[in-house]
Amino acid sequence: MQPLEQLYNEIDERKTVRVHSYEVSYRELVQRAVSGESVALRAVAHCLYWGNGGLRNRELAKSILRKLLIEKSDIYAEYLLAHYSILHDDRNTGLKVLRKLAAENFLPAVSLNAHLILKDNPDEETFALTKNKLIESAESGHLKSWILLVEASPRKSFPTRLFRGIYYTIKLFKSGVFKKRDLSAAERAFIFD
Numbered sequence: 000m001q002p003l004e005q006l007y008n009e010i011d012e013r014k015t016v017r018v019h020s021y022e023v024s025y026r027e028l029v030q031r032a033v034s035g036e037s038v039a040l041r042a043v044a045h046c047l048y049w050g051n052g053g054l055r056n057r058e059l060a061k062s063i064l065r066k067l068l069i070e071k072s073d074i075y076a077e078y079l080l081a082h083y084s085i086l087h088d089d090r091n092t093g094l095k096v097l098r099k100l101a102a103e104n105f106l107p108a109v110s111l112n113a114h115l116i117l118k119d120n121p122d123e124e125t126f127a128l129t130k131n132k133l134i135e136s137a138e139s140g141h142l143k144s145w146i147l148l149v150e151a152s153p154r155k156s157f158p159t160r161l162f163r164g165i166y167y168t169i170k171l172f173k174s175g176v177f178k179k180r181d182l183s184a185a186e187r188a189f190i191f192d
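Numbering-wise, numbering that gives the first Met the number 0 puts 110 at position 111 of the sequence shown, and it's gapless, one number per residue.
Okay, structure coming up:
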C-alpha cells in the first residue's frame, strides 16, 4: 500500500486542517493528493511535517516534496524543502537554494531570505539592499514582506522605528492585501488550483 493511501486510512473523518485560510477535511485533502494534485500534495506534506491534523512524519513529508520537485519541477516544493533544511537539517544547503529562489524573485523565498538577513544584523549596505527588495516584494502584494518592513528598523531610534512602523502599516492597509474575495462555489471547489 502506498504511504498516502495508508495515511488516508489512518485519518479521522472529522479532522480538518487550514489550507489557504480555508478549513478543509484532512481526509479529502489526502484523497486529492493521492490523485496527484500538486497543491494538495504540498499541503499534505506541510501538515505531515509540522504534525497538523494529528499525524507527524517528517521523512514522508520531505519524500513527497522531493518527488513533486523531481516529477513536476514544483518551485514551491523546492522552497519548502529549503525552508525545512534551514530549520532542521543542513542550514548552508538550505540557504543556497533559498537565495537561488530569491534571485528568481519567488516572493516567499524573497521574504524568508530577507528575514534571515535582517535577523543576522547586516551592515548598512546589505540592510539597504534587503529593505529595497522587501519594498518591491511588498508592493507586488506579498503580505509577509509588508510585515517584515514594519519590523525592519532594529538599529534606528525609537521614534524612527515608530514612524516607519506606522508608515508601512498604513501602506499595507492601502494596498488591499486584506480585502476578502467573495468566492463562488465553483472557485471554492478549485481552491487548490
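Cβ coordinates follow ideal geometry from the N, Cα and C atoms, glycine included.
Quantities reported herein were computed from a predicted structural model and do not represent experimental measurements.
Residue 58 and residue 80 have their C-alpha atoms roughly 11 Å apart. Pairwise C-beta distances place the stretch 24-33 in contact with the stretch 43-50, as three or more of them are shorter than 8 Å. Between the stretch 123-131 and the stretch 90-104, the count of Cβ pairs shorter than 8 Å is below three; the stretches do not touch. According to the DSSP assignment, residue 22 belongs to the beta strand (DSSP E) that extends over 21-24.
Rounded to whole angstroms, the Cβ separation of residue 111 and residue 87 is 15 Å, and the two are not in contact under 8 Å.
With distances taken between CA atoms, residue 114 lies nearest to 85 out of 92, 85 and 56. If the five residues before and after residue 76 are omitted, its C-beta is found closer than 7 Å to the C-beta atoms of 41, 64, 67 and 68, all from its own chain and listed in chain order. Per the coordinates, the alpha-carbon of residue 61 lies some 42 Å from the alpha-carbon of residue 159. In this structure, residue 136 sits near residue 106, with a CB-CB distance shorter than 9 Å. By the Cβ-count criterion, residue 108 is buried, with 16 or more other Cβ atoms from all chains shown falling within 10 Å of its own Cβ. Secondary structure at residue 41: helix, using DSSP grouped into helix, strand and coil. Each residue's CA atom was taken as its position, placing residue 24 and residue 15 some 4 Å apart. Where residue 93 is concerned, the enclosing alpha helix (DSSP H) starts and stops at 90-102. Approximately 12 Å separates the beta-carbon atoms of residue 47 and residue 39; this is outside 8 Å, ruling out the contact. Nearest C-alpha to residue 53 among 90, 26 and 104: 26. If only uninterrupted alpha helix (DSSP H) runs of at least 4 residues are considered, those enclosed by the stretch 47-92 are 57-71 and 74-87.
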